[in-house]
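Structure record follows, encoded as structure tokens.
Number of protein chains: 2
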Amino acid sequence: MIPNLARLSERARTSGDRPALFVAGQMIDYRELARRVDETERGLGALGVASGDVVAVLLENGLAFAEILHAIAQRGAILLPLNARLTPRELAFQLEESGASILIHGAGPLADLAAESAALIDASQTLDRFEVNSEKAPALAAVAAARSEAPTEHPRIDPARTLALIYTSGTTGSPKGALLSHRNLFWNAIGSAMNLGVTPEDRWLVCMPLFHVGGLSILLRAALYGSAAILHERFDPERVNRALDDEEVTLVSWVPTMLERVLAARGGRRAPPSLRCVLLGGGPAPSGLIESARSQGFPIAATYGLTEAASQVATQVPTLAEPEGASGLRPIFGTQLDTIDDDGKSVRGRPGEILVRGPTVMEGYWNRREESERALRGGWLHTGDIGVLDAVGALEVLERRCDLIISGGENIYPSEIERVLLEHPAVIEAAVGGRADADYGRRPIAWLVATPGQALDSAEIRRFCVDRLAGYKIPVEFTVVDSLPRTATGKLRREQIT
Amino acid sequence: MIPNLARLSERARTSGDRPALFVAGQMIDYRELARRVDETERGLGALGVASGDVVAVLLENGLAFAEILHAIAQRGAILLPLNARLTPRELAFQLEESGASILIHGAGPLADLAAESAALIDASQTLDRFEVNSEKAPALAAVAAARSEAPTEHPRIDPARTLALIYTSGTTGSPKGALLSHRNLFWNAIGSAMNLGVTPEDRWLVCMPLFHVGGLSILLRAALYGSAAILHERFDPERVNRALDDEEVTLVSWVPTMLERVLAARGGRRAPPSLRCVLLGGGPAPSGLIESARSQGFPIAATYGLTEAASQVATQVPTLAEPEGASGLRPIFGTQLDTIDDDGKSVRGRPGEILVRGPTVMEGYWNRREESERALRGGWLHTGDIGVLDAVGALEVLERRCDLIISGGENIYPSEIERVLLEHPAVIEAAVGGRADADYGRRPIAWLVATPGQALDSAEIRRFCVDRLAGYKIPVEFTVVDSLPRTATGKLRREQIT
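Chains as they are written, first to last, in our numbering: chain A, 1 to 498; chain B, 1001 to 1498.
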């Protein structure tokens, strides 16, 4: 019964002449976007993409990404958004495990990355690659025209169908694909609107990558609301400030590092009056930063979200002043929160593991029945994060799961890095921790124990990591130690690795 | 998968300290409202109301109405809101046909009306009456306390369940109950929000009766959005103006007569800056009125709605200027429109019957399979109203179904009045039409043909109507004629009765 989430024809009918996207100096209205999406969908059809197929997308933010996202949704296919900062090895893992049938990628360095990634996967896998030059979108239209498929029909998509398969290290540290359905993303949009509000004049500035759920979900929300997104190819604080001042931005999503850099580039100028909400996610923000932003007129709404719950889980009401009394985050409408102690008992007013239930929670991880059941046991998503729920139901997030390092808005899972380090013959033990960093929040560092009789060289280890790990995951410091800090029972004391 | 529409405990959890209602000089926050609704629901339980039971409510606008509405929703029972302007005879029909098991009514004149109505229904019918003094709400709490039912559980309500049974004369002129489900009213709230926008600071002024879907749906929307409603017991233009000026009203729903009276009482003062939308429904408004309101700063959003579609079907974006180009109404999100000619073929750009499809369209009429199938044939609600859909999908409503008279926001169906007139022995033929009226839009008048050999006396006929028809339905003029204007085939030419 969900009315056509992400079916652009619906929006084109009700809001055809209203702006959908501002991108690369163009304004695209809903009618034009729907036309382009129909063409792109015919292109996907001509390339053999059927309902239920996984379409991997390696593109920078841009019109082509938006077109392909909606075309995939409309076709009932599944989007696998690839993080352009990953290494070919990391991408190959996602391509192979997801069973993607086609990889749509950009030109230049993205084409090279796509080629290298595809070359690494099992030769038995059929993976067509298709290059889209995002400056010449709609790029798939040419394919459609060439193969002249019939006009696009818009069959009803079952809301339980998967719309996106987004890799995250999840709650156990090894990358796995969270399955987000049309329904999950629909309820994220509704829940967000009921907390943050929505107006027909809204313009949501997107300067975070669309390959993360935080960016992706903004485009889907805008299409549902009939409001506009302003899409930046990449984060550039100067350009963000120009947009804030000149383009009637009403909402923006940032991670703390971005907010800090925007403020620094702004030189004390106040926020524009049009700006009604800064959705600040991606890890804890220093309270000084939030205070300083609010004092300059930025209405901050701190949020806590997860890929597994289609982004926002609990969010503040946007405000210029630290709210009196309950300053915590309120679950978005439709979402329920609980906190449990080590025995699994529900607790209030003291720290516990944060559990999430509601229509935004994923169906599970792709092809990982056991890990899915563990993450979703008892009907609740077990986040591994620690928080306090107060008497009125507001959440304070104390720490993301102890092994998670959030660095400039990217999630880094130490166990993934440790596995790579242990592949090196000179490393017998490895532990990765997060060191506080003024710009990034935290950055990864590694402690290593050398294999007896082998010499450990930091530069060599760093080189070893470079083609195995995205740059932001590579530890900024390697320290050789005699032994790792452990508890009496041998459990790593990761909090000491700083 | 609808998250708990009208389950106040949900809102109390996420927005407990935010205002839910401003009524009779009090502010009730969501936590307090949820507490009162729980008590009221226990009261309903103590009175024997079970899931699926029809609860008739004859109350003026007030806190008690809001409490009972939400308590009924929470219990999975069905609300039958009674129009306090109807006669006991008209009410008895609804009570009997709906099979209501309990009638909750106000004190004073409402108690008398309730007693007279109940006395008229079939003695075999069990109908408990329960008086609620709305000044002492929550009135049912006392019942609950006295009978000490256990604390309220909140089982999940299937969204397909009926939430309200609202009598309307529908498309054939005889009163019948439109069945509106939780899902219908939920999607009305979502669709409305996607068109009009919603903000956490919204305050929606309700000065139209809650027994109509237009008023009722505002309370349900507010609970979903977590925003506030300002509830007036009755429409008083002076009080409305005070609220506009002093109470940060952001939205208001009016019919044209109300707008006109508010403007007259306002004496040229501009609309307050907080007001972001005037939802103007209940029949066509004179364009001079809309222009004049806009020039005084009232952002008008004309709307077209029906009880059978849970209120709004198509609505303008709120605006201070007549929109350029397409000035028509846009279907609310999730709703589809069509117009058909006399042969049932879809037409564009010229007048046709307006059809409506989508998640807000009722399941059918209570206990009227044949009329339901006719109204909903082919999966579309056939409204009987005439409109033009333009190329971009905007709707201009030309006229409500030719036999509908909208008078001061109330729908009047000539056939219902004609049936009453024909019961009088001196009347052999009767026809009712709508005469243009500066204050009410239109008012009913009657043309009568006398039974041969009998004298027809207007005063006598008027007296005959008084206990059979609500005051607003009684023709303001009776004219005795020799014959009624008819087409060659004998069909009444109602447009000539003016």
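We treat Cβ as the ideally placed atom computed from N, Cα and C, and that holds for glycine.
All figures in this text were calculated on a predicted structure; none of them were measured in a lab.
When you compare only the Cα positions, how much space is there between ARG221 of chain A and SER311 of chain A?
12 Å
Report the CB separation of ASN241 of chain A from ARG330 of chain A in whole angstroms; it is logged as a contact under 8 Å. With 8 Å as the limit, ASN241 of chain A and ARG330 of chain A do not qualify as a contact, their Cβ atoms being about 30 Å apart.
message = For a test of the three-state rule: what should DSSP assign to HIS70 of chain A, helix, strand or coil?
response = helix
Practice problem: Would you tell me roughly how many angstroms separate the C-alpha atoms of THR315 of chain A and ARG1368 of chain B, rounded to the nearest one? | Solution: 46 Å
Can a CB atom of chain B be found closer than 8 Å to the CB of VAL278 of chain A?
no
Note to self: Against chain B, does ALA243 of chain A count as a neighbour if the rule is that its beta carbon must be under 8 Å from one of theirs?
What the structure shows: no
Between ILE1386 of chain B and GLU1353 of chain B, which are expected to be in contact by the criterion C-beta below 8 Å, what is the C-beta distance as a whole number of angstroms?
6 Å
I want to see whether chain B comes within less than 8 Å of PRO273 of chain A, judged by CB atoms only; does it? no
GLY1328 of chain B to PHE1478 of chain B, Cα distance in whole Å? 37 Å
Worksheet item: Taking the alpha-carbon positions, what's the GLY170 of chain A to ARG156 of chain A distance?
Response: Because the pLDDT at GLY170 of chain A is just 48, under 50, the model does not fix this residue reliably, and the value given afterwards should be weighed accordingly. Approximately 31 Å between the Cα atoms of the pair.
Within-8 Å CB hit, SER253 of chain A to chain B: no
Which residue from A:ARG374, A:ARG13, A:ARG129 and A:ALA302 puts its Cα closest to that of VAL54 of chain A?
A:ARG129
(message) Against chain A, which members of the segment 1215-1234 of chain B pass a CB distance test of less than 8 Å?
(response) LEU1224, TYR1225 and GLY1226
- Task: Can you tell me which of the three DSSP states GLU1509 of chain B falls into?
- Result: Coverage of chain B is limited to positions 1001 through 1498, which leaves residue 1509 of chain B absent and any answer about it impossible.
message: Within 10 Å of its beta-carbon, does MET1027 of chain B have 16 or more other beta-carbons around it, so buried, or fewer, so exposed?
response: exposed
Taking only three categories from DSSP, how would you classify ASP1385 of chain B? strand
**Request:** Could you tell me whether any Cβ in chain B is nearer than 8 Å to the Cβ of VAL249 of chain A?
**Result:** no
- Item | For VAL1449 of chain B, three-class secondary structure by DSSP | strand
With ARG1203 of chain B and GLU1238 of chain B assumed to form a contact (beta carbons below 8 Å), what rounded beta-carbon distance in angstroms separates them?
-> No, ARG1203 of chain B and GLU1238 of chain B are not in contact; Cβ-Cβ is about 19 Å, not under 8 Å.
Margin query: Please list, in chain order, the residues of the segment 333-350 of chain A that have any C-beta partner in chain B closer than 7 Å.
Written below: PHE333 and GLY334
* Asked: DSSP three-state call for GLY170 of chain A: helix, strand or coil?
  -> Because GLY170 of chain A carries a pLDDT of 48, less than 50, the predicted location of this residue cannot be relied on, and the following value inherits that uncertainty. Residue state, collapsed to three classes: coil.
So does the segment 1343-1351 of chain B actually touch the segment 1302-1310 of chain B, counting three or more Cβ pairs closer than 8 Å? no
Next item on the list: Report the partner residues of TYR304 of chain A according to the DSSP bridge assignment.
Entry: A:ALA314
For the candidate residues A:ILE121, A:LEU86 and A:LEU320, whose alpha-carbon lies nearest to that of SER292 of chain A? A:LEU320
_I need the boundaries of the beta strand (DSSP E) containing GLN94 of chain A, first residue and last residue._
Premise fails: GLN94 of chain A lies in the alpha helix (DSSP H), 88-98, not in any beta strand (DSSP E).
Could you please give me the residues that DSSP links to TRP1204 of chain B through a beta bridge?
-> B:ALA1229 and B:LEU1251
C-alpha distance - VAL397 of chain A paired with PRO284 of chain A, whole-angstrom precision: 8 Å
- Quick one: Cα of LEU1110 of chain B to Cα of LEU1058 of chain B, how far? 7 Å
| message | Please list, in chain order, the chain B residues whose beta carbon lies closer than 9 Å to that of GLY393 of chain A. | response | ALA1012, ARG1013, THR1014 and GLY1016
When DSSP labels each residue in this structure, what does ASP1343 of chain B get in the three-state scheme? coil
- Going by DSSP, name the residue or residues bridged to SER1181 of chain B. B:THR1162
* Give me the Cα-Cα distance between PRO1200 of chain B and SER253 of chain A, rounded to the nearest whole angstrom. => 18 Å
*asked:* Using a Cβ-Cβ cutoff of less than 6 Å, which residues in the same chain neighbour GLY1334 of chain B once the five nearest sequence positions on both sides are dropped?
replied: TRP1187, GLY1191, GLY1358 and PRO1359
Requested in this report: For SER1101 of chain B, collect the residues of the same chain with a Cβ closer than 8 Å to its Cβ; drop the 5 residues on either side in sequence, then sort them by chain order.
Outcome: GLY1048, VAL1049, ASP1053, VAL1054, VAL1055, THR1126, LEU1127 and ASP1128
(message) Which residue wins for smallest C-alpha separation from PRO256 of chain A, given the options A:VAL37, A:VAL213, A:PRO425 and A:TYR440?
(response) A:TYR440
Handout entry: Proximity of THR1087 of chain B and ALA1430 of chain B at Cβ, strictly below 8 Å
Key = no
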